[in-house]
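**Student:**
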Amino acid sequence: MALPDNWSEYLLEHPLPVRRAIHQGIRRELQTESPDFPRLVGWLRRDPAASSMVLGAAARGQRERQRSAPHNLEHALSLLGSNWVRRHLPEMPVLEDTLTDPTQRAGYLAASSRAFRAARLTETWLIERRETSVEMVAIAALLHNLIELALWRDEPSLARRALSESRRQLIDFTAAHGDDNNLEQCFSLGHAFQAVLADVGIDLAELEHAMTERYYLPVMLLAEEASIPVLGSHHQAILVLARRLAFASEFGWHHPVVRRLTVMLGEQLHLSPDAAWHLTVNKSIRDAREFADIPMYHPAHMLVQHDDGRDRLWPLPADYGLDVADNDYHAAKRSPKPRSSSRQLGDMIRRLATLAGMKEIALYSNVSETQARRRFHWQGQNEAGSLPETIDLQASPLLPRLQTRLEPLTIDADNVDRLEGYLGKALAEAGRTNLIIAPLAVDGQLVSTLCCRGDSTLPRASVLETIQSGHSTTSG
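0 is the number of the first residue of the sequence shown in numbering that gives the first Met the number 0; add one for each residue after it.
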């Protein structure tokens, strides 16, 4: 496959495809007598191709009237009107129908999901800063890699080259300079695409300029920064951090690049690095759960699996046609490491989550003599969580006793009334169905406390057996 002649012109005439789940959601909204624009915006913001089409159409209309382009989707929809919306949005091409090759489609989905993650992170961080221009900058993050999406559609081999080169550079740099403070300077996915396009005679800057005639790209937002008083240099800094973290998190959330980026993020948000990391990770976990029904890659799914700091790449390179020999493991040339206690703990939690009737799992660490804080949380899809963020150890005297003895305890409807006064309100409420509390130790020293909540069908013997088998390996 080769790029079409006059590719920039081709891009202007052929809109990028939209994920089927998004397309179907938009069509459902349009079946009502009067489209609800805020609900439509909710669907559009989940897909860069859909958002770019709407913003681009509204921007063109404004330019024809010599007026400023809209900077958010709801304003764009109000400018276009319901007739335009009903006529054009259902005509957007559907990704699953347009790209039939599985690896090509997977690459497009990965890039689309990366854009979505960057937008959601930008939004979260600006809200933390109590900013008023959240929507404007979040949309810029959502549209930051439209050129990559276009390459996955029109010439996937070039997209693979750029992605593979950027990953290789980061792998090599990290191996040589893992302790350096300037890790964030070692890679740029955008520069990789710029170099690949230059090899086929395409100037990326000129292409982006041409595409602003059809789509509303972040370069346009940044170029207008001087004329938009609410924008500042910190918006651009946060946008760049979101783009880099959305890419770097595919290498593992404990990768040194991610740690360094969260240090820089903390400076922007006036938070400690740990607080910035937890803010980002918690948001990513919520997003991964919220959008589990929409085909997308989300590195938050591996937060437990990679808690030992391994450098495994994800999504798997083979999923979208990268050379596994060059792109599989960062440490491929080193001897494999033995499975760490953290990895074994992650394996145990994943097995527990597959048991019938399991509703919620949490790990707690004692942060003081009077309080335990939740450091990991999983809950089943569409389940409301009841295991608390913190546990008052003074109000729950049974928990310190179990921790001292390193003994598990099963709580259910038969004994919860008798134990309620020793559990505290939150744990007692969770124990109304099925609650298993299991202290976990390494070499006889308490490291955390595992709580598993399920319904009446939860096989408690299987839960305890899984905990015991996982605990015996981590203790050894």
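Just so it is clear, CB atoms sit at the ideal spot from N, CA and C, and this is done for glycine as well. Predicted, not measured: the structure shown is a model, and the values here were computed from it.
On the CB-based measure, 16 or more other CB atoms within 10 Å of its CB, does residue 348 come out buried or exposed?
**Tutor:** For the purposes of this step, residue 348 is taken as the residue at position 349 of the sequence shown. It counts as buried.
**Student:** Measure how close the beta-carbons of residue 209 and residue 7 come, nearest whole angstrom, since I'm counting them as under 8 Å.
**Tutor:** Within the sequence shown, the letter at position 210 stands for residue 209. Within the sequence shown, the letter at position 8 stands for residue 7. Their Cβ separation, rounded to whole angstroms, is 4 Å, which keeps residue 209 and residue 7 in contact under 8 Å.
**Student:** Enumerate, from N- to C-terminal direction, the unbroken alpha helix (DSSP H) stretches of 4 or more residues contained entirely within the segment 136-168.
**Tutor:** Listed in chain order, the complete alpha helix (DSSP H) runs (minimum 4 residues) inside the segment 136-168 are 145-153.
**Student:** What number of angstroms, rounded off, separates the C-alpha of residue 106 from the C-alpha of residue 155?
**Tutor:** Taking the sequence shown and counting its residues from 1, one reaches residue 106 at position 107. Taking the sequence shown and counting its residues from 1, one reaches residue 155 at position 156. C-alpha separation (whole angstroms): 8 Å.
**Student:** Let me check one thing: in DSSP terms, what residues is residue 32 bridge-paired to?
**Tutor:** In the sequence shown, counting from the first residue as 1, residue 32 sits at position 33. Answer by DSSP bridge pairing: none, since residue 32 is not bridged.
**Student:** Answer with buried or exposed for residue 374, where buried requires no fewer than 16 other C-beta atoms within 10 angstroms of its C-beta.
**Tutor:** Working through the sequence shown from its first residue, we reach residue 374 at position 375. It counts as exposed.
**Student:** Could you spell out the range, first to last residue, of the alpha helix (DSSP H) harbouring residue 125?
**Tutor:** As a working note, residue 125 is residue 126 in the sequence shown. Residues 101-127.
**Student:** Taking residue 261 and residue 120 to be in contact with their CB atoms under 8 Å, please state how far apart those CB atoms are, rounded to whole angstroms.
**Tutor:** Locating residue 261 in the sequence shown gives position 262, where the first residue counts as 1. Locating residue 120 in the sequence shown gives position 121, where the first residue counts as 1. With 8 Å as the limit, residue 261 and residue 120 do not qualify as a contact, their Cβ atoms being about 11 Å apart.
**Student:** Please state the DSSP three-state secondary structure of residue 377.
**Tutor:** Sequence index remark: in the sequence shown, residue 377 carries index 378 (1-based). If DSSP states are grouped into helix, strand and coil, residue 377 belongs with the strands.
**Student:** Excluding sequence positions up to five away, which residues of its chain have a Cβ less than 8 Å from the Cβ of residue 5?
**Tutor:** Position 6 of the sequence shown, counting from 1, holds the residue named residue 5. Cβ within range, chain order: n/a, list empty.
**Student:** Rounded C-beta distance between residue 192 and residue 126? I'm assuming under 8 Å.
**Tutor:** By one-based count along the sequence shown, residue 192 stands at place 193. By one-based count along the sequence shown, residue 126 stands at place 127. Not really, about 30 Å apart at Cβ, beyond 8 Å.
**Student:** For residue 195 and residue 150, I'd like the C-alpha separation in whole angstroms.
**Tutor:** For the purposes of this step, residue 195 is identified with residue 196 of the sequence shown, where counting begins at 1. For the purposes of this step, residue 150 is identified with residue 151 of the sequence shown, where counting begins at 1. Cα to Cα, the separation comes out at about 11 Å.
**Student:** Nearest by alpha-carbon distance to residue 454: which of 360, 101 and 398 is it?
**Tutor:** Taking the sequence shown and counting its residues from 1, one reaches residue 454 at position 455. Nearest of 360, 101 and 398 to residue 454, Cα basis: 360.
**Student:** Among 169, 132, 90 and 68, which residue has its Cα nearest to the Cα of residue 22?
**Tutor:** Counting from one through the sequence shown, the residue named residue 22 turns up at place 23. The option with the nearest alpha carbon to residue 22 is 90.
**Student:** Can you have a look at residue 9 and say buried or exposed, based on whether 16 or more other CB atoms are within 10 angstroms of its CB?
**Tutor:** In the sequence shown, counting from the first residue as 1, residue 9 sits at position 10. Answer is exposed; the Cβ neighbour count stays below 16.
**Student:** Tell me the rounded alpha-carbon separation between residue 204 and residue 115.
**Tutor:** In the sequence shown, residue 204 corresponds to position 205, counting from 1. In the sequence shown, residue 115 corresponds to position 116, counting from 1. Straight-line Cα distance between these residues: approximately 23 Å.
**Student:** Mind the definition here: the segment 21-36 touches the segment 71-89 only if three or more C-beta pairs lie below 8 Å; say whether that holds.
**Tutor:** Touching, yes.
**Student:** Would you be able to state if there are at least three C-beta pairs under 8 Å between the segment 353-370 and the segment 450-469?
**Tutor:** Segments in contact, yes.
**Student:** Can you check DSSP and say which residues form a bridge with residue 372?
**Tutor:** Looking up residue 372 in the sequence shown gives position 373. In the DSSP output, where bridge partners are listed per residue, residue 372 has 364 and 389.
**Student:** Could you give the uninterrupted runs of the beta strand (DSSP E) lying entirely in the segment 384-444, keeping only those of 3 residues or more?
**Tutor:** Counting only runs of 3 or more, we get 389-391, 408-411 and 433-441.
**Student:** Looking only at DSSP bridge pairs, what is residue 453 linked to?
**Tutor:** As a working mapping, residue 453 is identified with position 454 in the sequence shown. In DSSP, residue 453 forms a bridge with 357 and 433.
**Student:** Less than 6 Å between C-beta atoms, sequence neighbours within five positions excluded: which residues of the same chain meet that for residue 388?
**Tutor:** Locating residue 388 in the sequence shown gives position 389, where the first residue counts as 1. Around residue 388: 373.
**Student:** Could you check how far apart the C-beta atoms of residue 383 and residue 448 are, in whole angstroms? I think they sit under 8 Å.
**Tutor:** Locating residue 383 in the sequence shown gives position 384, where the first residue counts as 1. Locating residue 448 in the sequence shown gives position 449, where the first residue counts as 1. With a Cβ gap of about 22 Å, residue 383 and residue 448 do not count as contacting.
**Student:** Apart from the five residues just before and just after residue 437, which ones in its own chain have a Cβ nearer than 6 Å to its Cβ?
**Tutor:** Mapped onto the sequence shown, residue 437 falls at position 438. Correct list, in chain order: 407, 449 and 466.
**Student:** Are there 16 or more other CB atoms within 10 angstroms of the CB of residue 306, so buried, or fewer, so exposed?
**Tutor:** For this step, residue 306 is matched to residue 307 along the sequence shown. A caution first: residue 306 carries a pLDDT of 41, below 50, which makes its placement in the model too unreliable to give a value.
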